[in-house]
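The sequence shown stops at residue 181 when you use my numbering, and every number in between is there. Cβ atoms here follow ideal geometry from the backbone N, Cα and C, with glycine treated the same way. The structure appears below as structure tokens.
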Amino acid sequence: MSLTKLAQCCRLVRLKVKGFKSLYDVIVEFPTRLTVLVGSNGSGKTALIESLLLLRDTLDYLKGRVVNPFLRWWSYRNVVWMHDETKPIEIGIGISCDMCKVEDVQMLLKNSLGVEVSSYETRYMQGVIDYNVVVSGTGGSFRIEKERVCIHGFGCIEMVNGRAKLQIDKNIL
Numbered sequence: 009m010s011l012t013k014l015a016q017c018c019r020l021v022r023l024k025v026k027g028f029k030s031l032y033d034v035i036v037e038f039p040t041r042l043t044v045l046v047g048s049n050g051s052g053k054t055a056l057i058e059s060l061l062l063l064r065d066t067l068d069y070l071k072g073r074v075v076n077p078f079l080r081w082w083s084y085r086n087v088v089w090m091h092d093e094t095k096p097i098e099i100g101i102g103i104s105c106d107m108c109k110v111e112d113v114q115m116l117l118k119n120s121l122g123v124e125v126s127s128y129e130t131r132y133m134q135g136v137i138d139y140n141v142v143v144s145g146t147g148g149s150f151r152i153e154k155e156r157v158c159i160h161g162f163g164c165i166e167m168v169n170g171r172a173k174l175q176i177d178k179n180i181l
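This is the structure we're talking about:
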């Protein structure tokens, strides 16, 4: 099954953006599949969409498909809040896959986020999958400072400076 078909059973339920362009600290909830962004010029509509492009390019970077996710904007300075290169950018999404088959959720986690889960674990999954990444780019480089995947009802895995931290939900023990 392709990711296009997977989009029929999964949906974006939340977008969190911190320190990207004009977005200091924004959380947008998506209650339905149809969302309309409305606002005056310069209010951040395009920045919300571009944050998703940065997230996609970051995931492609992890797969070796992109050299530097900031190249679209010429430099990190052009995308970080107030052009302050000492600050990180944080982007997080929540995806609900309640209407998907077990195999489809496994494919989403493996192909998009690089996380493998067994059929048993996926069969009992309820709720939302959260993915959060913190990036920086001082001096023209690109670095992932922190990456976190949480599966509600199971736990989280977090990578910080090359070290993994696993947090298991007490309900599955």
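- Under the 8 Å Cβ criterion, the region 153 to 163 does not count as touching the region 83 to 93, having fewer than three qualifying pairs.
- Contact between the region 18 to 36 and the region 98 to 108 is present: three or more C-beta pairs spanning the two stretches fall below 8 Å.
- Short of 8 Å from the beta carbon of alanine 172, and not among the five residues preceding or following it, lie these beta carbons of its own chain, in chain order: Ile165, Glu166.
- Judged by DSSP secondary structure, glutamate 155 falls within the beta strand (DSSP E) whose first and last residues are 151 to 159.
- In terms of Cβ geometry, arginine 80 and leucine 63 do not form a close pair [threshold 9 Å].
- Beta-bridge pairing by DSSP links leucine 79 to no other residue.
- Remark: C-beta atoms of glycine 27 and isoleucine 97 approach each other more closely than 9 Å.
- Contact between tyrosine 69 and glycine 145 does not hold, since their C-beta atoms are separated by about 11 Å, which reaches or exceeds 8 Å.
- Along the length of the region 13 to 94, whole beta strand (DSSP E) runs at least 3 residues long occupy 19 to 28, 31 to 37, reported in chain order.
- For the pair threonine 66 and lysine 118, the Cα-to-Cα distance works out to about 16 Å.
- The bridge partners DSSP lists for leucine 174 are Ile165.
- Of the candidates Pro77, Gly161, Asp112, Pro77 places its Cα closest to the Cα of serine 59.
- If you look at glutamate 98, you'll find it in the beta strand (DSSP E) that goes 97 to 104.
- Secondary structure note for asparagine 140: its beta strand (DSSP E) is the uninterrupted segment 136 to 144.
- For lysine 178, the closest C-alpha among the options Asp33, Val168, Ile159, Ile137 is that of Ile159.
- For methionine 115, the three-state secondary structure derived from DSSP is helix.
- Between glycine 100 and asparagine 49, the CB-CB gap reaches or exceeds 9 Å.
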